[in-house]
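One structure is given below, encoded as structure tokens.
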Amino acid sequence: MFADFTDKIKTTEDKQLLMDEINLVLKSLYQNTDMYNNVLQSTIRAWVRAAITQDLEVTPDKEKYFKSLLTELAKLEEFDIVIPMDLSQSGLERIFYWVKDNIGAGIVLDIKIDSKLIGGAIFMYRGKYIDLSMKKKFEELFGSVYSNLQPKTAQSVPASNI
Amino acid sequence: MVDTALFYLTSFIAASLGLILIGVIIFYLRLVKKFLLLKESEVNLRKELNEKIEARIAEADQESKKILQSAYDKSKEIISSSQLFDKQEQDKISDMLARVTNEEIRQYSSVLQKVGKVSVDELSGVVADIKKEVTPNLGKIEGMIEAEIKGASIETKRAIQSAYTIVEKELADYKKEMFAEVDKLVLGVVKELSHKILGKTLTNKEQEDLIIDALKEAKEEHIIN
Chain A
1 MFADFTDKIK TTEDKQLLMD EINLVLKSLY QNTDMYNNVL QSTIRAWVRA
51 AITQDLEVTP DKEKYFKSLL TELAKLEEFD IVIPMDLSQS GLERIFYWVK
101 DNIGAGIVLD IKIDSKLIGG AIFMYRGKYI DLSMKKKFEE LFGSVYSNLQ
151 PKTAQSVPAS NI
Chain B
1 MVDTALFYLT SFIAASLGLI LIGVIIFYLR LVKKFLLLKE SEVNLRKELN
51 EKIEARIAEA DQESKKILQS AYDKSKEIIS SSQLFDKQEQ DKISDMLARV
101 TNEEIRQYSS VLQKVGKVSV DELSGVVADI KKEVTPNLGK IEGMIEAEIK
151 GASIETKRAI QSAYTIVEKE LADYKKEMFA EVDKLVLGVV KELSHKILGK
201 TLTNKEQEDL IIDALKEAKE EHIIN
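For the protein sequence lines, the chains are A and B, in the order given.
Per the UniProt record's numbering, residue 1 is the first one in the first sequence, and the count goes up by one each step.
Per the UniProt record's numbering, residue 1 is the first one in the second sequence, and the count goes up by one each step.
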């Protein structure tokens with residue numbers, strides 16, 4: 001039923017914005033009809049309004065509908081991802097659909113930017129963490145070089161060998 | 001009558017002289033024989049004497065070589081066992097010792113050849129004297145060399161150790177400082193440089209590809225599934 005919404009929500013920002021909009025509409029619903037209409041018509045985004053209007057045609061209980069929508073949105077699982085640069089819309093969609101196809105629906109991306117990562121990404125999902133950034137790979141590479149270098153050069157010659 | 005007596009007397013004297021002559025000849029022949037025997041004996045004795053002299057010379061020569069070789073080996077061993085000298089120095093000293101030893105042997109053999117002409121007994125005495133004189137002296141020389149090398153080695157080792165301890169501490173501090181710098185360099189500047197180079201040269205598409213690759217890797221690692 002809420003496919004129109006979940007299909008359009010790709011990130012936690014999208015999710016939060018939509019939840020804010022729905023909460024605002026729900027709040028206006030408790031005030032009066034004018035306020036509700038006003039909020040629905042002028043405050044929320046057009047595609048949200050269109051989706052709500054379409055859904056409410058088959059679901060007369062508005063309060064139940066909005067609460068159900070909020071519950072459904074709250075269920076969306078967050079997939080934390082840290083990347084080195086901001087994604088274009090096409091890039092975001094590419095990654096989102098890869099995640100959706102490979103993990104499943106009901107997931108939103110919580111994207112954070114850390115330019116120090118250079119490339120790749122860090123992922124956190126269901127308590128699991130993996131750093132697959134180029135920064136980490138550089139650190140491992142240079143770290144291994146450094147650790148290999150250090151004992152050799154720092155090795156002291158015993159005085160008995162003089 | 002007188003003539004007859006004179007004849008007999010003359011005959012008697014002649015016969016006596018003849019007998020004396022024969023006796024003298026026999027005695028002479030015996031003396032000649034004895035002389036020849038003595039001469040032969042003398043030759044044999046001389047030969048035997050020469051052989052003995054040569055044998056003693058050879059023996060003395062061998063003995064002297066053994067003594068000098070022993071001294072050489074001992075010196076070499078002392079030098080080799082000393083860590084004060086490096087391989088090159090040891091080789092040089094070893095070579096010098098070998099040359100000195102060979103020269104000593106050559107000179108000693110030459111002296112022995114001259115001494116050997118005197119007599120076996122004298123030679124034996126000389127050999128004994130030389131051995132008596134040389135052996136303790138060589139022992140003293142060995143002892144002196146060993147003591148000197150040991151002393152020098154200990155002193156030098158102590159000095160080097162003392163210097164090394166100071167240098168080692170300074171070096172350790174320096175290394176610590178340098179490694180901190182290297183650490184910064186390795187894990188900072190190089191990464192920063194890599195970041196600048198790669199971060200700025202990677203296109204959006206390449207960045208996205210890297211993220212997708214990372215996602216695939218995460219899936220393979222069963223971090224996401």
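Glycine included, each C-beta is placed from N, C-alpha and C at the ideal position.
Chain A contact residues for K219 of chain B, given Cβ-Cβ distances below 8 Å
Going along chain A in sequence order, the residues near K219 of chain B (Cβ under 8 Å) are N102.
Would L97 of chain A count as contacting chain B if we go by Cβ distances under 8 Å?
With the sequence shown as reference, residue 97 of chain A is identified as Tyr, and Leu is not the correct amino acid for it. No, Y97 of chain A lies away from the interface with chain B (no Cβ there is under 8 Å from its Cβ).
How big is the Cα-Cα spacing for I9 of chain A and G106 of chain A?
Straight-line Cα distance between these residues: approximately 9 Å.
Enumerate in chain order the residues of its own chain whose CB-to-CB distance from L202 of chain B is below 8 Å, with the five nearest sequence positions on each side excluded.
L210, listed in sequence order.
Contact list for N204 of chain B against chain A, beta-carbon separation under 7 Å
Going along chain A in sequence order, the residues near N204 of chain B (Cβ under 7 Å) are S88, G91.
By DSSP, does E63 of chain A sit in helix, in strand, or in coil?
If DSSP states are grouped into helix, strand and coil, E63 of chain A belongs with the helices.
How is A55 of chain B classed by DSSP in three states: helix, strand or coil?
DSSP places A55 of chain B within a helical segment (H, G or I) once states are collapsed to three.
Checking contacts by CB at 8 Å: is I224 of chain B closer than that to chain A?
Under the 8 Å criterion on CB atoms, I224 of chain B is classed as interfacial with respect to chain A.
So V108 of chain A packs on F79 of chain A, CB below 8 Å; how close in whole Å?
Contact flag correct, Cβ pair sits at about 7 Å.
Name, please, each residue of chain A whose Cβ falls closer than 8 Å to the Cβ of I212 of chain B.
Under the 8 Å cutoff, chain A gives R94, I95, W98.
Which parts of the stretch 83 to 145 of chain A are runs of the beta strand (DSSP E), unbroken and 3 residues or longer, counting only runs that do not cross its ends?
As summarised for the stretch 83 to 145 of chain A, the continuous beta strand (DSSP E) elements at least 3 residues long and confined to that stretch are 107 to 113, 122 to 125, 128 to 131, given in chain order.
Strictly under 8 Å for the Cβ-Cβ distance: is L76 of chain A near chain B by that measure?
Not an interface residue.
Report the three-state DSSP secondary structure of T11 of chain A (helix, strand or coil).
T11 of chain A carries a strand assignment under DSSP once its states are collapsed to helix, strand and coil.
Using only the alpha-carbon positions, how far apart do G18 of chain B and L6 of chain B sit?
G18 of chain B and L6 of chain B have their C-alpha atoms spaced approximately 18 Å apart.
Out of B:S16, B:R56, B:Y8, B:Q207, point me to the one whose CA is closest to S115 of chain A's CA.
Minimum Cα distance to S115 of chain A is reached at B:Q207.
I want to verify the contact list: residues of chain B whose CB lies under 8 Å from the CB of A105 of chain A, in sequence order.
By Cβ distance, chain B contributes nothing, its closest Cβ being about 14 Å from A105 of chain A, past 8 Å.
Within 8 Å, strictly: CB atoms of L69 of chain A and F2 of chain A
Note that the C-beta distance between L69 of chain A and F2 of chain A is below 8 Å.
Which residue from B:E54, B:I53, B:K47, B:R99 puts its Cα closest to that of Y72 of chain B?
Out of B:E54, B:I53, B:K47, B:R99, B:R99 has the C-alpha closest to the C-alpha of Y72 of chain B.
Exposed or buried, A74 of chain A, counting other C-beta atoms within 10 Å across all chains shown (16 or more means buried)?
Counting Cβ neighbours within 10 Å, A74 of chain A comes out exposed, since fewer than 16 surround it.
Using the three-state DSSP reduction, which class does I223 of chain B fall into: helix, strand or coil?
Coil.
Kindly indicate if chain B contains any beta-carbon less than 8 Å away from that of I130 of chain A.
So yes, I130 of chain A belongs to the interface.
Going by alpha carbons, who is nearest to Y125 of chain A out of A:T6, A:E57, A:G104, A:F5?
Selected option, being the one with the closest Cα: A:G104.
Where I67 of chain B and L31 of chain B are concerned, what is the direct C-alpha to C-alpha distance, given to the nearest angstrom?
Straight-line Cα distance between these residues: approximately 52 Å.
With 8 Å as the threshold, decide whether the Cβ of G127 of chain A is near any Cβ in chain B.
When Cβ-Cβ separations below 8 Å define contact, G127 of chain A makes no contact with chain B.
Between the CA atoms of N102 of chain A and A218 of chain B - distance to the nearest angstrom
Going by the C-alpha atoms only, they are around 11 Å apart.
With 8 Å as the threshold, decide whether the Cβ of I9 of chain A is near any Cβ in chain B.
For I9 of chain A, the answer is no, since every Cβ of chain B falls outside 8 Å of its Cβ.
For F2 of chain A, which three-state DSSP category applies?
For F2 of chain A, the secondary structure class from DSSP, reduced to helix, strand or coil, is coil.
Span separating the alpha-carbon of F27 of chain B from that of N102 of chain B
Going from the Cα of F27 of chain B to the Cα of N102 of chain B covers about 60 Å.
Please decide whether S156 of chain A counts as near chain B, where near means a Cβ-Cβ distance under 8 Å.
Residue placement at S156 of chain A cannot be trusted, given a pLDDT of 46 that sits under 50; what the coordinates show is reported in the next sentence. It does: the Cβ of S156 of chain A has a partner Cβ on chain B nearer than 8 Å.
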